[in-house]
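>
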Amino acid sequence: MVDAYAKTMANFVNKFPTRTFLKGEIIIFQGEAPRAAFIIKSGIVKAYNLSIHGDEKPIGFYSDGESFPGSWIYDKVPSSVYYYETYSNECTLYLVPREEFVAFVRTHPFMMLAELDHYIDSSLSLSMQLNALQHSKASEKLMYTLHYLALTRGRTIQPRQREITLQLTHQDFANLTGLTRETAATELNKLKRLGVINYGKNIPYIVDLQKLHAILNDQYIAELENSSSNR
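Last residue of the sequence shown? That's 246 in my numbering, and every number before it is there in order.
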């Protein structure tokens, strides 16, 4: 099914033009009505909002094969609800007319299932982000955020160890949690000394889920990990 999906999707999108954006370029502005649906050929895109003070509030990340902005594509809103910006060094996107993309999805049942799966994952990611933000302690905000990123944007490298596939900075963690960059850096270094995470210059974050779970002792994350491992 995965191969059939990839082949059908490739045959469809290859008919349309592409555009490449460099890191930090805004692809869609908040409030802008896009001219087309965007489907990622390569790279990572970040969606975010801005607070009244101009602070960035990340909403989610999109990678190869994913489409955005979904709420506009499926005609739920007249314009983009968030900013969309290139997060990787560069990102190449297919520009597909909205009507053609929606018609394609509707006429291919496994595409509908793939889109449903994507939006269920997005819903889970947002609920995990919300759970992380509800905690009052800076350390807990970061641990739950690391857990969310490890499960939704990570890959297994050893049993109970996940490598986050995003090139995150201390400022990224500050934006994700509402902490200052200095506080985020301090708490991340504490977790590194405890062996919960490992990271360094040009080295991605590796999360030890067993140690993380031992500290939090939370049935919520245990259930999420079980669900993730069964997929």
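Beta carbons are placed, not taken as given, at the ideal position from N, Cα and C, and that holds for glycine.
(1) In chain order, what residues of the same chain have a beta carbon less than 8 Å from the beta carbon of Ile172, not counting five sequence neighbours either side?
(2) Count the CB pairs spanning the region 141-156 and the region 60-70 that are closer than 8 Å, and state whether there are at least three.
(3) Can you tell me which of the three DSSP states Ala118 falls into?
(4) Kindly identify the DSSP beta-bridge partner or partners of Thr35.
(5) So what's Leu227 in DSSP terms, helix, strand or just coil?
(6) For Gly80, name the three-state secondary structure that DSSP assigns.
(7) How about Glu105 and Leu37: are their beta carbons less than 7 Å apart?
(8) Using 7 Å as the threshold, is the C-beta distance between Tyr109 and Ile59 below it?
(9) I need the straight-line Cα distance from Gln234 to Glu47, nearest angstrom please.
(10) Give every residue of the same chain whose Cβ lies closer than 8 Å to the Cβ of Asn245, excluding the five residues on either side of it in the sequence, and list them in chain order.
(11) I'd like to know whether the C-beta atoms of Tyr98 and Ile41 end up nearer to each other than 7 Å.
(12) Which of the three DSSP states is assigned to Gln234 in this structure?
(13) Between which two residues does the beta strand (DSSP E) containing Ala62 stretch?
(14) Thinking just about the alpha-carbon of each residue, which of His228, Met158, Thr167 and Ile230 is nearest to the one in Thr201?
(15) Would you list the one or two residues that DSSP bridges to Pro73?
The structure says:
(1) Glu178 and Ile221
(2) no
(3) helix
(4) Thr107
(5) helix
(6) coil
(7) yes
(8) no
(9) Unreliable positioning characterises Gln234 in this predicted model, as indicated by a pLDDT of 49, which lies under 50. The coordinate reading is nonetheless provided below. About 41 Å.
(10) Bear in mind that a pLDDT of 49 at Asn245, under 50, signals an unreliable position, so the number given afterwards is only what the model happens to contain. Nothing listed; no residue qualifies.
(11) yes
(12) Low confidence applies to Gln234: its pLDDT is 49, below 50, so where it sits in the model is not reliable, and the reading given next is rough at best. Looking at Gln234 - three-state DSSP - the assignment turns out to be helix.
(13) Val60 to Leu65
(14) Met158
(15) Tyr63
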